[in-house]
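S.K.:
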Amino acid sequence: MRAMESMERAEPLARHGVIIGKFLPPHLGHFHLVASAARRARRLTVLVCTLRSECIPGRLRYAWMREMCEALGPHVHVVHSTSEVPQEPHEHPDFYAIWRDKIFLGAGAASAAHGGQAGLSGPRTADTALHAPYAAAGEPSQSPPLRSDEPVPPIDALFSSEEYGWPLSRALGCEHRPVDVGRIGVPVSATKIRTQPAKHWAFVPVPVRPWLVKRVLLYGPESTGKTTAAQLLARHYGTVWAPEWARLLLETRDPQVVRIDDIPVIAREHLKLEDALAREATAGVMFVDSDPITTSIYARHYFDGHCPPHIPLLGDLRHYHARLLFTPEVPWIQDGQRDSPEGRDRLYVKFREELDRRGLAYTLISGPDYEDRIRQCVAAVDAVLRQPWTPPPPDAFITADEAMMRCAGEG
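Going by this note's numbering, the first residue of the sequence shown is number 1, and it counts up by one from there.
1. Please report the distance separating the alpha-carbon of T282 from that of D401.
2. Give the straight-line distance between the Cα atoms of I19 and G220, rounded to the nearest whole angstrom.
3. Compute the Euclidean distance between the alpha carbons of H310 and R406, then round it to the nearest angstrom.
4. Do you know offhand how far E329's Cα is from Y298's?
5. For E162, which of helix, strand or coil comes out of DSSP?
6. Beta strand (DSSP E) containing L324: first to last residue?
7. In the DSSP assignment, what residue or residues form a beta bridge with Y219?
8. What is the rounded straight-line gap between the Cα of A118 and the Cα of E163?
9. Are the beta-carbon atoms of I365 and T390 separated by less than 8 angstroms?
10. When DSSP labels each residue in this structure, what does R416 get in the three-state scheme?
11. Which first and last residues belong to the alpha helix (DSSP H) in which L233 is found?
12. What are the boundary residues of the beta strand (DSSP E) that V378 is part of?
13. Would you call the CB atoms of I398 and L313 closer than 8 angstroms?
14. Touching or not, the stretch 98–105 and the stretch 175–185, by the rule of three or more beta carbon pairs under 8 angstroms?
15. Please list, in chain order, all residues of the same chain as T40 whose beta carbon is under 8 angstroms from its beta carbon, the five residues on each side excluded.
16. At which residues does the alpha helix (DSSP H) containing E175 begin and terminate?
17. DSSP puts H77 in a beta bridge; with which residues?
18. Along the chain, where does the beta strand (DSSP E) that runs through V285 open and close?
19. If you reduce the DSSP assignment to three classes, tell me which class I266 lands in.
20. Between which residues of its own chain and C69 is the CB-CB distance below 7 angstroms, once the five residues before and five after are set aside?
21. CA-CA distance, P205 and A37?
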């Protein structure tokens with residue numbers, strides 16, 4: 001690492017450096033690459049190259065990289081490139097020429113060896129003017145247009161941590177400046193993170209955590225030990241848990257006064273709280289004490305079967321890796337906000353019926369002994385953590401406001 005720092009001090013600043021990558025997903029090795037290049041270039045273009053077929057939507061990867069790079073300075077420009085181009089040299093005889101043009105278009109400039117500037121305005125994307133049959137656009141680019149009065153210097157350096165950096169830099173007509181090619185400084189890869197994110201969680205950046213964290217949802221009626229279990233599990237795994245937002249609301253007012261108008265607020269604010277806490281997850285798992293299905297069950301229970309119609313639909317937009325349903329076999333404890341033992345039994349039946357109706361898998365946490373119930377939870381969570389990570393549906397974690405608007409239109 002010290003040798004690399006000495007090399008950085010000795011070399012002249014590049015006028016315009018470029019980085020390309022899939023960032024599938026972005027990790028701290030990518031950030032190390034970009035941060036190193038940002039110190040070694042007056043202008044740096046980071047080209048986020050995505051395909052429709054990839055397991056993480058390109059719009060998310062672009063947004064994550066923009067957030068990660070914000071602190072590096074205004075000279076770092078993150079660009080979303082969505083053109084469908086060959087991924088390996090054997091796929092097309094003009095492979096490097098295709099990528100050369102893609103990079104020139106995305107960066108808004110060529111190298112001096114290829115005529116200098118490629119253009120000063122227009123969308124910062126490589127979706128057009130590519131070799132057939134690769135001119136078809138992929139998903140829409142999220143990149144803002146270049147200012148027409150913003151001068152773009154010629155590309156004179158390609159920064160990469162991959163072996164392809166040498167042949168690609170020759171095609172670009174610029175210098176190759178390698179960064180941690182052997183991954184000695186930051187020993188991680190996107191493949192490792194996709195396969196076992198929990199094992200490599202220390203390398204997962206904050207913006208990416210909500211997408212990769214395994215969310216365990218706890219279901220059950222009042223006074224079943226569910227909330228205490230969420231707290232204990234978070235402590236056991238060294239991570240965060242999302243409490244019921246409704247309980248936080250009731251702590252500020254008479255707990256016996258809940259209005260039907262409160263239900264959408266409770267649903268929306270809980271999702272916001274959950275997603276905010278997912279960014280703080282310090283392990284590859286987090287625990288969630290409520291969801292829109294829970295909110296809709298309680299609404300129907302307390303308001304004679306009524307619930308705003310879009311609230312149950314919100315449950316279809318959320319993705320959880322495991323669900324634990326707590327049975328009402330432990331002693332009833334009144335805390336000032338709870339209903340009654342009989343109401344608890346009725347609610348348990350409603351939880352089980354709703355999960356079965358939706359075809360959602362769950363693990364029963366049962367028995368009268370609290371410690372044994374925690375052991376059951378740990379066994380279930382350990383099993384989830386051993387499973388390989390699978391990508392959630394593309395819209396599983398749209399913002400709470402977006403989800404509310406979408407479901408309100410369908411409800």
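Cβ atoms here follow ideal geometry from the backbone N, Cα and C, with glycine treated the same way.
M.R.: On the basis of the data shown:
1. Numbered from its first residue, the sequence shown carries residue 282 at position 282. Numbered from its first residue, the sequence shown carries residue 401 at position 401. Answer to the nearest angstrom: the Cα atoms are 26 angstroms apart.
2. By one-based count along the sequence shown, residue 19 stands at place 19. By one-based count along the sequence shown, residue 220 stands at place 220. C-alpha separation (whole angstroms): 49 angstroms.
3. The residue you call residue 310 lines up with position 310 of the sequence shown. The residue you call residue 406 lines up with position 406 of the sequence shown. Cα to Cα, H310 sits roughly 9 angstroms from R406.
4. Mapped onto the sequence shown, residue 329 falls at position 329. Mapped onto the sequence shown, residue 298 falls at position 298. Each residue's alpha carbon lies about 20 angstroms from the other.
5. Sequence index remark: in the sequence shown, residue 162 carries index 162 (1-based). E162: coil per DSSP, three-state reduction.
6. In the sequence shown, counting from the first residue as 1, residue 324 sits at position 324. Counting along the chain, the unbroken beta strand (DSSP E) around L324 starts and ends at A322 to F326.
7. Taking the first residue of the sequence shown as 1, we reach residue 219 at position 219. L325, per the DSSP bridge assignment.
8. Start at 1 with the first residue of the sequence shown, and residue 118 comes out as number 118. Start at 1 with the first residue of the sequence shown, and residue 163 comes out as number 163. With a pLDDT of 46 at A118, under the threshold of 50, the modelled position of that residue is not reliable, and the figure given next carries that caveat. Between A118 and E163, the C-alpha separation is close to 26 angstroms.
9. Looking up residue 365 in the sequence shown gives position 365. Looking up residue 390 in the sequence shown gives position 390. No.
10. Nothing about residue 416 can be reported from this structure: the residues present for the chain run from 1 to 411 only.
11. What you label residue 233 is simply residue 233 of the sequence shown in a count that begins at 1. For L233, the enclosing alpha helix (DSSP H) has its first and last residue at K226 to Y237.
12. Here residue 378 corresponds to residue number 378 of the sequence shown, with the count starting at 1. Segment Y370 to R386 is the alpha helix (DSSP H) holding V378; no beta strand (DSSP E) there.
13. For this step, residue 398 is matched to residue 398 along the sequence shown. For this step, residue 313 is matched to residue 313 along the sequence shown. Not a contact, by the Cβ cut-off of 8 angstroms.
14. The stretch 98–105 is not in contact with the stretch 175–185.
15. As a first step, residue 40 is located in the sequence shown; it is residue number 40 there, counting from the start. Reading the sequence as shown, one finds Arg at residue 40 and not Thr. E8, E11, L13, A14, G17, A157, F159 and R177.
16. Walking along the sequence shown from the start, residue 175 turns up at place 175. That residue, E175, is in no alpha helix (DSSP H); its beta strand (DSSP E) goes E175 to P178.
17. What you label residue 77 is simply residue 77 of the sequence shown in a count that begins at 1. DSSP links H77 through a beta bridge to T45.
18. If you number the sequence shown from 1, residue 285 lands on position 285. Run containing V285: V285 to V288, per the beta strand (DSSP E) assignment.
19. Taking the first residue of the sequence shown as 1, we reach residue 266 at position 266. If DSSP states are grouped into helix, strand and coil, I266 belongs with the helices.
20. In the sequence shown, the residue the question calls residue 69 occupies position 69. Counting only Cβ-Cβ distances below 7 angstroms, and skipping sequence neighbours, we find V34, V46, V76 and V78.
21. Counting from one through the sequence shown, the residue named residue 205 turns up at place 205. Counting from one through the sequence shown, the residue named residue 37 turns up at place 37. Each residue's alpha carbon lies about 18 angstroms from the other.
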